[in-house]
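Peer 1: Before we start, here is the structure in question, set down as structure tokens.
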Amino acid sequence: MTGLASRWKDWRRLRLAIGYVLLVAVFAGIWAWSLFAPLTSAIAERQQRDLLAIAQAGAFILGETPADAEPVIERLVARTDLRMTLLGSDGEVLADSEADPATMGNHANLPEVATALAGRVGFDRRVSEPSGTARIHVAVPVKFRGQQAALSVSESHDEIRAIAASAWRFGLLLLGVALVIALVIVRRLTRSASEPINRLSAAAKSMASGDLSVTIASESGDLSALSSALADLREQMKRRLEDLQAERHNLRTVLDGLTDAVFLLHGHEIRFANSAAGRLFRAPTFGWRGQHVEHAALPASVAAAMLTPAEEGGIRITECGPDASGTSLRVSVIPLNPTEQFERTLVVINDITERTRVDQVRRDFVANASHELKTPTTAIQLLAESACDAATDGD
């Protein structure tokens, strides 16, 4: 039972700790998401604005350059990881900082190029073939040699992803540290929160088991009312128990003062017998309590009368004897309110030996007196009848 209670307390603490940790984890996750997701988006937008500024500067320079665009583009992106491409009005590549324009084909179908050729700034993010690298593309309209063209500038998006991944890893590390700290704090909080409850629970169990001497700690906070209520309940139980013990003592004194034997039966088991029962019958070696009626060394006629049920709501009276020693007893069986487990019966046994003897003497005296008076009375009656007959006959 102690092990089960200990496991229950541990499980209660564990559930409370898990709840706190989950709450901290949820809030920490929301915090991380609200912090790093906008940060990643802001970095990407910043990169996109930088590319736009470079593209616009390159468009201005190319618009002032009537010569070949290839050297200008290479100088613009030298010592950077940018890629710049000049496209004609039909989408054909005129110059590129990394590849031969003759091998690149037509780019008119690219979203940012089509938007730039239409006279607006175009943006796109996609994975470039065949390298499989994610890149950000920005294209602006430009006038090259008096014709409408488009200048596209792109940069790898992997750096942004690396920065975001590093930020996420750092955030997850902070989250893990926060969870560990929260777990330590929660463990202390759950212990400090559960210990008063455990103390009050242990005190309540002790009171339920009958130990009213248990000390109930005076708790603070929300549990102060509960600890005060338990203390008041303990005092009330003490007073009521003392009253019950006093009443039981008084009742026992009254019953022991009776000259009649009194038995209280629960079913067929003796639960109480007064002092007169020991004087009237021979008490068992280990006392009356807990003895079955048939095994209590009572006279057979008395045991049978005690076990014979009375009518509901009535009293059954049986006279037993006289036995070999001339003792006569009257057994009164009184049914009491039954409980769920057994029938309860009150049995009162009176010693009516003296009354039976007096009744027998009275009967014997009446019989003897009747016999002694019968003979002279008969003679007087005969003489009276003879005298009456003689008077009638004239003698």
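Count along the sequence shown starting at 1, add 798, and that's the number in our numbering.
Beta carbons are placed, not taken as given, at the ideal position from N, Cα and C, and that holds for glycine.
For C1118 and V1146, which I take to be in contact (beta-carbon distance under 8 Å), what is that distance rounded to the nearest angstrom?
Peer 2: About 13 Å separates the two Cβ atoms, so there is no contact after all.
Peer 1: Can the beta-carbon of E1017 be found closer than 9 Å to that of L987?
Peer 2: Contact: no.
Peer 1: Could you check where the alpha helix (DSSP H) with L1024 kicks off and where it finishes?
Peer 2: Taken as a continuous stretch (DSSP letters only), the alpha helix (DSSP H) holding L1024 covers S1022 to D1054.
Peer 1: So the alpha helix (DSSP H) V911 belongs to, where does it begin and stop?
Peer 2: Taken as a continuous stretch (DSSP letters only), the alpha helix (DSSP H) holding V911 covers P909 to L915.
Peer 1: With a threshold of 7 Å on Cβ separation, who are the neighbours of L1078 within its own chain once the five nearest residues in sequence on each side are excluded?
Peer 2: So the qualifying residues of the chain are A1059, I1147 and D1149.
Peer 1: Taking S950 as part of the beta strand (DSSP E), name the residues at either end of that continuous run.
Peer 2: Start and end: Q945 to S954.
Peer 1: Mind checking which residues open and close the alpha helix (DSSP H) that includes P869?
Peer 2: It spans A867 to L874 - the alpha helix (DSSP H) in which P869 sits, taken as one unbroken run.
Peer 1: Going straight from the alpha carbon of Q846 to that of I979, what length do you get?
Peer 2: About 39 Å.
Peer 1: If you draw a straight line from the C-alpha of I1113 to the C-alpha of I1132, how long is it?
Peer 2: The straight-line gap from Cα to Cα measures roughly 5 Å.
Peer 1: Any chance the region 925-944 sits against the region 859-877, with 3 or more Cβ pairs inside 8 Å?
Peer 2: Taking 8 Å as the limit for Cβ pairs, the verdict is that the region 859-877 does touch the region 925-944.
Peer 1: Please determine if the region 1029-1039 and the region 1057-1071 are in contact, where contact requires at least 3 C-beta pairs separated by less than 8 Å.
Peer 2: With a cut-off of 8 Å, the region 1057-1071 and the region 1029-1039 do not count as touching, because too few Cβ pairs lie within range.
Peer 1: Since R1142 sits in a beta bridge, which residues does DSSP pair it with?
Peer 2: In the DSSP output, where bridge partners are listed per residue, R1142 has H1064.
Peer 1: Tell me the residue span of the beta strand (DSSP E) that contains L920.
Peer 2: Sequence check: residue 920 is Gly here, not Leu. First-last of the beta strand (DSSP E) with G920: G920 to S926.
Peer 1: Quick one: is the Cβ of P1097 within less than 8 Å of any heavy atom of the ligand GTP?
Peer 2: With respect to small molecules bound, the structure shown includes none, and the ligand GTP cannot be examined in it.
Peer 1: Are the region 993-1008 and the region 1018-1033 touching by the rule of at least three beta carbon pairs closer than 8 Å?
Peer 2: Yes, since at least three Cβ pairs between the region 993-1008 and the region 1018-1033 fall closer than 8 Å, the two stretches touch.
Peer 1: Counting Cβ pairs closer than 8 Å, one from the region 1070-1086 and one from the region 1040-1057, do we hit at least three?
Peer 2: With a cut-off of 8 Å, the region 1040-1057 and the region 1070-1086 count as touching, because enough Cβ pairs lie within range.
Peer 1: Is the CB-CB distance between V938 and A857 below 9 Å?
Peer 2: In contact: V938 and A857 (Cβ atoms closer than 9 Å).
Peer 1: Expressed to the nearest angstrom, what Euclidean distance is found between the alpha-carbon atoms of R924 and I934?
Peer 2: Each residue's alpha carbon lies about 7 Å from the other.
Peer 1: Buried or exposed: which applies to A963, given that a residue is buried once 16 or more other Cβ atoms fall within 10 Å of its Cβ?
Peer 2: Result: exposed.
Peer 1: If the criterion is Cβ atoms closer than 9 Å, does the pair A906 and L892 meet it?
Peer 2: No, Cβ-Cβ distance for A906 and L892 is not below 9 Å.
Peer 1: Can you grab the Cα-Cα spacing for the pair E862 / R967, in whole Å?
Peer 2: Distance between the alpha carbons of E862 and R967 is about 47 Å.
Peer 1: In the structure shown, what three-state DSSP assignment does R1069 receive?
Peer 2: Residue state, collapsed to three classes: strand.
Peer 1: Looking at the structure shown, is I1132 part of a helix, part of a strand, or coil, going by DSSP?
Peer 2: Correct three-state label for I1132: strand.
Peer 1: Taking C-beta to C-beta, are A1103 and T1116 nearer than 9 Å?
Peer 2: The answer is yes: Cβ separation under 9 Å.
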